[in-house]
Amino acid sequence: MSVLCYRIPKYIYVGEKLQAGSAMSDVALVSHALNGFQDRIASRGNEAVFEVTREALDKVGLERDDIDAVIGCDQDAFNGVTVSFGMKACAVGGYNKPSTRIQNGGVYAIAQARAKILAGKADCVVIASEDNVRFDEKTISNISQDPVYTRPIGQNYVQSHALIANHHLDTRDVTEEDYARATAKNYEAGAENPYAHRTKTPRIDDILDSDIVSWPIRESEICPISAGAGALVLTSAELANEVTDSPVWIEGAGLGSSRYEIRDMDSLLEMQSLRAARRKAYDQAGITDARTDIDLAQIFNPISSLELLGYEALDLCENGDGAQLLRDGVTEPDGDLPVNPFGGAVVTNPLNTGGLYRTAMAMEGLREDDEVLAMSDAQRAVVTGSDQMLGCRGQTDGVLVLGTEAS
Numbered sequence: 044m045s046v047l048c049y050r051i052p053k054y055i056y057v058g059e060k061l062q063a064g065s066a067m068s069d070v071a072l073v074s075h076a077l078n079g080f081q082d083r084i085a086s087r088g089n090e091a092v093f094e095v096t097r098e099a100l101d102k103v104g105l106e107r108d109d110i111d112a113v114i115g116c117d118q119d120a121f122n123g124v125t126v127s128f129g130m131k132a133c134a135v136g137g138y139n140k141p142s143t144r145i146q147n148g149g150v151y152a153i154a155q156a157r158a159k160i161l162a163g164k165a166d167c168v169v170i171a172s173e174d175n176v177r178f179d180e181k182t183i184s185n186i187s188q189d190p191v192y193t194r195p196i197g198q199n200y201v202q203s204h205a206l207i208a209n210h211h212l213d214t215r216d217v218t219e220e221d222y223a224r225a226t227a228k229n230y231e232a233g234a235e236n237p238y239a240h241r242t243k244t245p246r247i248d249d250i251l252d253s254d255i256v257s258w259p260i261r262e263s264e265i266c267p268i269s270a271g272a273g274a275l276v277l278t279s280a281e282l283a284n285e286v287t288d289s290p291v292w293i294e295g296a297g298l299g300s301s302r303y304e305i306r307d308m309d310s311l312l313e314m315q316s317l318r319a320a321r322r323k324a325y326d327q328a329g330i331t332d333a334r335t336d337i338d339l340a341q342i343f344n345p346i347s348s349l350e351l352l353g354y355e356a357l358d359l360c361e362n363g364d365g366a367q368l369l370r371d372g373v374t375e376p377d378g379d380l381p382v383n384p385f386g387g388a389v390v391t392n393p394l395n396t397g398g399l400y401r402t403a404m405a406m407e408g409l410r411e412d413d414e415v416l417a418m419s420d421a422q423r424a425v426v427t428g429s430d431q432m433l434g435c436r437g438q439t440d441g442v443l444v445l446g447t448e449a450s
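Quick note: the sequence shown uses the working numbering, first residue 44, plus one each step.
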């Protein structure tokens, strides 16, 4: 039996089917549905997850009886209630079926669903989540801070991210203009995305002229908290080939964690947990050179500095060259390696559903039958997720490698 084990400093898959070098794309993403995204509204969690689950199943002709297990990726702090998915599991089709809540924004939930299918415990797993509850993000983010040093002084997520960006500017070849360029790229990329929360397109000068919130982060760089919902349907290869002509295969999944301390800035810039997750996912997918093997990337980027550092952590460029990759236009939507070609977190930022959303966008980009968002000739994508918790760099990260070809 395959087992998912947690160890510091990283997650490790154990089991014959999950060893590196074996055929890993035996699990497919066959359908998705998204609802939103917009400014936060009054909670309608059960209705929202029911609607997206029903839509995702209808797209591939599946019914509730076909579901073997359901997974939610809600975080209790954002939903205002303990065991928050317990209130929604039945709306996702989980009555009398195994149901689990896996935090960390969705990528961890996808990895768990994949493990269930690879272990022979399920043929069809539905993952769903929503982000409709109103909450005070500054209060929540302060609670997530270190209880001894940073929580008592009132530090919140913007200030934590600003400290990281400050150190990034001091130690790497990067400027505030680079941050504005990355932000403008993402705004422009999201303008044509029908699922995007924000559709405005400020110029680089507009971003640089906006008010400083916590230096060097400007008001126009602050991500929204996006309300909406999302659902994904994962199946075994056999079922996938029965229900769709355009499955997207999960070629690799890696989970990583590392200790983080806000005073250890060099370690934060290295993004060690993301690197650990990337190594595992790339190894499973047989990726030897991400710069040629990856066609598009969906990176979780709550601030621009983390997108540039993500280029490096995902091996899209050498350490220290993230800003240059951006300047050269490589990561533009029409570049050689588009990153967040549908807009990053500054455009759409659902905290519970973010990993599902980025994965769904990657599916759209890979599927040739999508008339709006399909990217010409894209065959392989990488998706990242983090538990961020509105604090400093999340101590856990997930990486998925998706492809259009089965092994």
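Built from N, CA and C at the ideal position, the CB exists for glycine as well. All values reported here derive from a predicted model rather than from experimental measurement.
Closest residue to serine 269 among Asp252, Leu77, Asp69 and Leu72 (Cα-Cα distance): Of Asp252, Leu77, Asp69 and Leu72, the residue nearest in Cα terms is Leu77.
Rounded straight-line distance, which links the Cα of glutamine 327 to that of serine 65: Confidence at serine 65 is low in this model, with a pLDDT of 40, below 50, so the placement of that residue is unreliable and no value is reported for it.
Range of the contiguous alpha helix (DSSP H) that encloses valine 291: Segment 291 to 300 is the beta strand (DSSP E) holding valine 291; no alpha helix (DSSP H) there.
Whole-angstrom C-beta distance between tryptophan 258 and alanine 205, which should lie under 8 Å: Right, their Cβ atoms sit about 6 Å apart.
Minimum C-alpha distance to alanine 239 - residue among Ser310, Ala340, Leu275 and Tyr230: For the residues Ser310, Ala340, Leu275 and Tyr230, the minimum Cα distance to alanine 239 belongs to Tyr230.
Arginine 50 to asparagine 344 span [Cα, whole Å]: No answer about arginine 50 holds up, because its pLDDT of 31 lies below 50 and its placement is not dependable.
Alpha helix (DSSP H) runs contained entirely in the stretch 177 to 204, provided each spans 4 or more residues: Runs of the alpha helix (DSSP H) inside the stretch 177 to 204: 180 to 186.
For leucine 399 and isoleucine 110, believed in contact at Cβ under 8 Å, the rounded distance: No, isoleucine 110 and leucine 399 are not in contact; Cβ-Cβ is about 16 Å, not under 8 Å.
Three-state class that DSSP yields for isoleucine 260 in the structure shown: In this structure, DSSP gives isoleucine 260 an extended state, which the three-state scheme calls strand.
Rounded C-alpha distance that separates arginine 241 from asparagine 284: Between the alpha carbons of arginine 241 and asparagine 284 lies a distance of about 36 Å.
Terminal residues of the alpha helix (DSSP H) in which phenylalanine 93 lies: Per DSSP, phenylalanine 93 belongs to the alpha helix (DSSP H) from 88 to 102.
Simplified DSSP state of leucine 311, which is helix, strand or coil: Leucine 311 sits in a helix when the DSSP states are folded into three classes.
Contact test: glycine 79 Cβ vs the ligand GDP heavy atom, cutoff 7 Å: Judged by which ligands are present, the structure shown has none, so any question about the ligand GDP falls away.
Spatial distance of glycine 441 from alanine 356 (CA atoms): Between glycine 441 and alanine 356, the alpha-carbon positions lie close to 12 Å from each other.
The stretch 132 to 146 contacting the stretch 416 to 427, beta-carbon criterion three pairs below 8 Å: Segment contact: the stretch 132 to 146 against the stretch 416 to 427, fewer than three CB-CB distances shorter than 8 Å; contact not assigned.
Sequence-distant residues of the same chain with beta carbon closer than 8 Å to glycine 397, five excluded per side: If the five residues before and after glycine 397 are omitted, its C-beta is found closer than 8 Å to the C-beta atoms of Gly148, Gly149, Phe343, Ala388 and Gly428, all from its own chain and listed in chain order.
Cβ pair aspartate 174, glycine 271 closer than 8 Å: Going by C-beta atoms, aspartate 174 is nearer than 8 Å to glycine 271.
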